[in-house]
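First comes the structure, then the notes that go with it.
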Amino acid sequence: MDAAPEDYGALADLHSRHFSRGWSASELEGLAAQSTVTILSARLVGKPKIAPAAFNIIRQTDSEAEILSIAVDTTYRRNGLGLRLMREAIRRLQADRVEALVLEVDATNVAAVSMYEKLGFETVGNRPGYYAADSKDPNANRATALVMRLDLT
Ligand SMILES: CC(C)(COP(=O)(O)OP(=O)(O)OC[C@H]1O[C@@H](n2cnc3c(N)ncnc32)[C@H](O)[C@@H]1OP(=O)(O)O)[C@@H](O)C(=O)NCCC(=O)NCCS
Numbered sequence: 069m070d071a072a073p074e075d076y077g078a079l080a081d082l083h084s085r086h087f088s089r090g091w092s093a094s095e096l097e098g099l100a101a102q103s104t105v106t107i108l109s110a111r112l113v114g115k116p117k118i119a120p121a122a123f124n125i126i127r128q129t130d131s132e133a134e135i136l137s138i139a140v141d142t143t144y145r146r147n148g149l150g151l152r153l154m155r156e157a158i159r160r161l162q163a164d165r166v167e168a169l170v171l172e173v174d175a176t177n178v179a180a181v182s183m184y185e186k187l188g189f190e191t192v193g194n195r196p197g198y199y200a201a202d203s204k205d206p207n208a209n210r211a212t213a214l215v216m217r218l219d220l221t
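In my numbering, each number is its position in the sequence shown, counted from 1, plus 68.
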């Protein structure tokens, strides 16, 4: 479902636990205010009052959409929440006649790459050193980003 503004604080916490460059609640609010951006969130069935366990942030243009960020709380992983949020995004984009969904993912992120492949995404390119900018260690390994694409037509 669409994330409610009162959830942005919890979603910002969740985001900062998984990504080195976290997004604050006000940044999420700014994103949600853009007509091209959708923030989906998911709670566990029967737990409407606790904080969302997952989010999926999508940016949409006329013909193409992009996953900006997706994460599931560590405690609730492997329960199908990631797939559910991706399928909901795909359903909405197909209803809007968007032709393709693209994303960038760390090539070493086995869980995410496997989830995207399960949905039918194909690797269409890679960007060596893409994730180096966040590292404070100049000698740190530079992870390659895969560019993945799903045809929605
Ligand atoms: C990637 C992520 C969103 C998956 O969420 P999830 O709710 O645990 O995933 P699901 O339960 O829907 O699993 C869907 C499929 O993904 C794959 N998958 C998920 N976790 C996996 C793991 N630890 N190892 C291997 N494959 C995995 C499997 O193919 C799985 O299907 P299966 O359970 O039938 O085998 C979650 O691991 C996460 O939040 N990771 C940290 C943030 C992140 O990396 N985001 C992606 C950035 S591009």
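Every residue gets a Cβ at the ideal spot worked out from N, C-alpha and C, and that includes glycine.
Check: Beta carbon of H83: closer than 6 Å to some heavy atom of ligand 1?; Outcome: no
Check: In terms of residues, what are the limits of the beta strand (DSSP E) holding I125?; Outcome: 122-128
Check: Using a 10 Å radius around the Cβ and a threshold of 16 neighbouring Cβ atoms, would you call N124 buried or exposed?; Outcome: buried
Check: What do you reckon, is the C-beta of K186 under 6 Å from a heavy atom of ligand 1?; Outcome: yes
Check: Please identify the residue among A180, I107, R160 whose C-alpha is closest to the C-alpha of L220.; Outcome: R160
Check: What is the C-beta distance between G90 and A80, in whole angstroms, given that I count them as a contact (C-beta under 8 Å)?; Outcome: 7 Å
Check: Should the region 166-175 be regarded as contacting the region 130-139, the criterion being three or more beta carbon pairs within less than 8 Å?; Outcome: yes
Check: A211 and T176 - do their beta-carbons sit closer together than 7 Å?; Outcome: yes
Check: Can you check DSSP and say which residues form a bridge with G193?; Outcome: V215
Check: Any idea if G98 is buried or exposed, counting beta-carbon neighbours within 10 angstroms, 16 or more meaning buried?; Outcome: exposed
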